[in-house]
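Chemist: First, the structure itself, so that you have it in front of you.
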Amino acid sequence: MSAVPAPIPPEARGLALRAEGAMALAETFRCLTRDDFLSGAESLRSLASIKKSLEEKRTSVTGPMNEAIKTINDWFRGPAVTVQTAIDLYKREMGEFEQREQAEIRRQADEAARVARVEREELERRALSAIDKGQTEKAETLLARAEEVTPVKPDLAPVKAAGMGFGEAWEFEIIDAAAIPREFLKVDEAKIGQYVRAMKQSAKIAGVRFFSRPKVSVRAK
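According to the numbering used here, the sequence shown is numbered sequentially starting from 686.
As structure tokens, then:
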């Protein structure tokens, strides 16, 4: 069942109608004469007044709600930060333990593979020696044994814990910003904006076109 939208207060509905009427006039407005200019100025001031009234009505409703939300967020922010800090401590310790465990498992696997390789090579060496001596049957037995040699499984196995998962999170640290390729760089548009507003027609940056356009300001009635 869909929720029924809340009714719009009469004052907000009236402002909305005024805005729609002003928009209809703006779409047909053409500033060709001084009278048009003065008429446009009046319309702009009227629109500024509507905008101001809309914002005042909006904040009169949202202000108390925003304050209540801020208060509620303040109640829970501290405990949430505390819990997250505790979670991070557990994750760090357990993650480091898991890394050590995995490193030991890999070490044991590598050692088992080395031992198995040495055993196979020794059996193959003995088989070749048997062939040289004409002991064909013995050589075949030794080669068969060599093929059957497999590494011993590590004593350790990954720890299983309910609800836990482990992996790797790759991060980065910039050590030489000047060496970073262009495709990984981002233009600082806010800084360029500050620069052009300060330098105006004297602004010059390679790869950037600077220009001006008319700016109109208006005060509400």
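All residues carry an ideal CB built from backbone N, CA and C; glycine is no exception.
Could you tell me the distance, in whole angstroms, from the CA atom of residue 779 to the CA atom of residue 763?
Modeler: When rounded, the distance between both Cα atoms is 24 angstroms.
Chemist: Terminal residues of the continuous alpha helix (DSSP H) containing residue 756?
Modeler: 719 to 817 is the span of the alpha helix (DSSP H), which, as asked, contains residue 756.
Chemist: Residues in its own chain within less than 8 angstroms of residue 800 by CB, not counting five upstream and five downstream?
Modeler: Excluding positions up to five away in sequence, the list reads 836, 837.
Chemist: Grouping DSSP H, G and I as helix and E and B as strand, with all else coil, what is residue 885?
Modeler: Note: residue 885 maps to helix in three-state DSSP.
Chemist: State buried or exposed for residue 824, treating a residue as buried only when at least 16 other CB atoms are found within 10 Å of its CB.
Modeler: Looking at its Cβ environment, which holds 16 or more other Cβ atoms inside 10 Å, residue 824 is buried.
Chemist: Does the distance from the CB of residue 735 to the CB of residue 704 come in under 7 angstroms?
Modeler: Yes. Within cutoff.
Chemist: Taking the straight line between their C-alpha atoms, what separation do you get for residue 810 and residue 782?
Modeler: Roughly 42 angstroms separates the two Cα atoms.
Chemist: Drop a sphere of 10 angstroms on the beta-carbon of residue 812, count the other beta-carbons inside from all chains shown, and report buried for 16 or more, exposed for fewer.
Modeler: So residue 812 ends up on the buried side.
Chemist: Please determine if the stretch 889 to 906 and the stretch 733 to 752 are in contact, where contact requires at least 3 C-beta pairs separated by less than 8 angstroms.
Modeler: In short, these stretches touch, since the Cβ pair count reaches three.
Chemist: Quick one: which unbroken alpha helix (DSSP H) runs of 4-plus residues sit fully inside the stretch 813 to 901? Chain order, please.
Modeler: 821 to 833, 874 to 884, all fully within the stretch 813 to 901.
Chemist: Going by DSSP, what residue range makes up the alpha helix (DSSP H) through residue 697?
Modeler: Residues 695 to 713.
Chemist: In terms of alpha-carbon separation, which member of 889, 777, 797, 893 lies closest to residue 872?
Modeler: Comparing Cα-Cα distances from residue 872 to each of 889, 777, 797, 893, the minimum goes to 893.
Chemist: Report the CB separation of residue 831 from residue 805 in whole angstroms; it is logged as a contact under 8 angstroms.
Modeler: Right, the Cβ-Cβ distance comes to about 5 angstroms (below 8 angstroms), so this counts as a contact.
Chemist: For residue 808, which residues in the same chain have their Cβ closer than 8 angstroms to its Cβ, ignoring the five residues on either side in sequence?
Modeler: Within the same chain, residue 808 has close Cβ partners 827, 828, 830, 831, 834.
Chemist: Exposed or buried, which one is residue 700 when buried takes at least 16 other CB atoms within 10 Å?
Modeler: Answer is buried; the Cβ neighbour count reaches 16.
Chemist: Less than 6 angstroms between C-beta atoms, sequence neighbours within five positions excluded: which residues of the same chain meet that for residue 707?
Modeler: 732.
Chemist: What residue from 702, 792, 896, 847 has the CA that sits closest to residue 738's CA?
Modeler: Here the closest residue by C-alpha is 702.
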